[in-house]
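Colleague: Each residue of the sequence shown is one higher than the one before, counting from 8 in our numbering.
Where is the CB? At the ideal position from N, CA and C, for every residue including glycine.
Predicted, not measured: the structure shown is a model, and the values here were computed from it.
Have a look at this one before I ask anything.
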Amino acid sequence: MVFDDAYFMKEALRQAQLAFDAGEVPVGAVVVWDNKIIGRGHNQVEQLNDATAHAEIIAITAACNHIGAKYLMEGTLYVTVEPCLMCSGAIYWSKVGRIVFGTSDPKNGYQKTTGENWPFHPKAQLSNGVMAEECAQLMKEFFAARR
Numbered sequence: 008m009v010f011d012d013a014y015f016m017k018e019a020l021r022q023a024q025l026a027f028d029a030g031e032v033p034v035g036a037v038v039v040w041d042n043k044i045i046g047r048g049h050n051q052v053e054q055l056n057d058a059t060a061h062a063e064i065i066a067i068t069a070a071c072n073h074i075g076a077k078y079l080m081e082g083t084l085y086v087t088v089e090p091c092l093m094c095s096g097a098i099y100w101s102k103v104g105r106i107v108f109g110t111s112d113p114k115n116g117y118q119k120t121t122g123e124n125w126p127f128h129p130k131a132q133l134s135n136g137v138m139a140e141e142c143a144q145l146m147k148e149f150f151a152a153r154r
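Right, here's the structure in full:
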């Protein structure tokens, strides 16, 4: 069975919901390799008291541990929100082959800093806007509850 981008983004949204439920900024990520999820992550910055504990970093680490290698050229990273500059660096260095994100993040996303410059591995492919409304809604609900 072949799954589509929406299927895997729903899995990333499940991770984001875990973050939301834990009082973390609701960002979730999964790494897919050969049509299977090999890494999952959600923001754990508050829980771990670690500014680097972003969903993407956790999912990439789990995926690398799963395959026993540091590069994910055959992998696809699904993340609910546009990666920040730090996570873009991790995505670059792990050579993720494809990045799919849901909603843009004009305040903290990589595009704020990089503009038109490509922050990912030169061979990487990018898709965005997958389930953007659902991804954005979770973020809106989270921040509305804190105001």
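Given Val39, which residues of its chain have a CB within under 6 Å of its CB, disregarding the five upstream and five downstream residues?
Modeller: Cβ neighbours of Val39 beyond the five flanking positions: Phe15 and Thr83.
Colleague: Going by the DSSP bridge assignment, what does Lys43 pair with across the sheet?
Modeller: BP columns for Lys43 point to Trp40.
Colleague: Out of curiosity, what's the CA-to-CA distance linking Gln132 and Tyr117?
Modeller: If I take the Cα positions, the gap works out to 15 Å.
Colleague: Report the residue ranges of all alpha helix (DSSP H) runs contained in full by the segment 94-134; include only those spanning at least 4 residues, in chain order.
Modeller: Here the runs fully enclosed are 117-121.
Colleague: Do you know how far the Cα of Phe127 is from the Cα of Pro90?
Modeller: Computed Cα separation, rounded: 11 Å.
Colleague: Kindly identify the DSSP beta-bridge partner or partners of Thr83.
Modeller: Thr83 pairs with Val39 and Arg105.
Colleague: Give me the Cα-Cα distance between Ala152 and Met80, rounded to the nearest whole angstrom.
Modeller: Going by the C-alpha atoms only, they are around 39 Å apart.
Colleague: Grab the span of the alpha helix (DSSP H) containing Lys77 for me, first residue to last.
Modeller: Unbroken run through Lys77: none, as it is neither H nor E.
Colleague: Near Cys94, what residues of its chain come up, given a Cβ to Cβ distance below 7 Å and the 5 sequence neighbours on each side ignored?
Modeller: Only His61, Glu63 and Ile64 meet the Cβ criterion.
Colleague: Note down, in chain order, each residue of its chain lying with its Cβ closer than 7 Å to the Cβ of Asp112, except the 5 sequence neighbours on either side.
Modeller: Answer for Asp112: Val88 and Glu89, listed in chain order.
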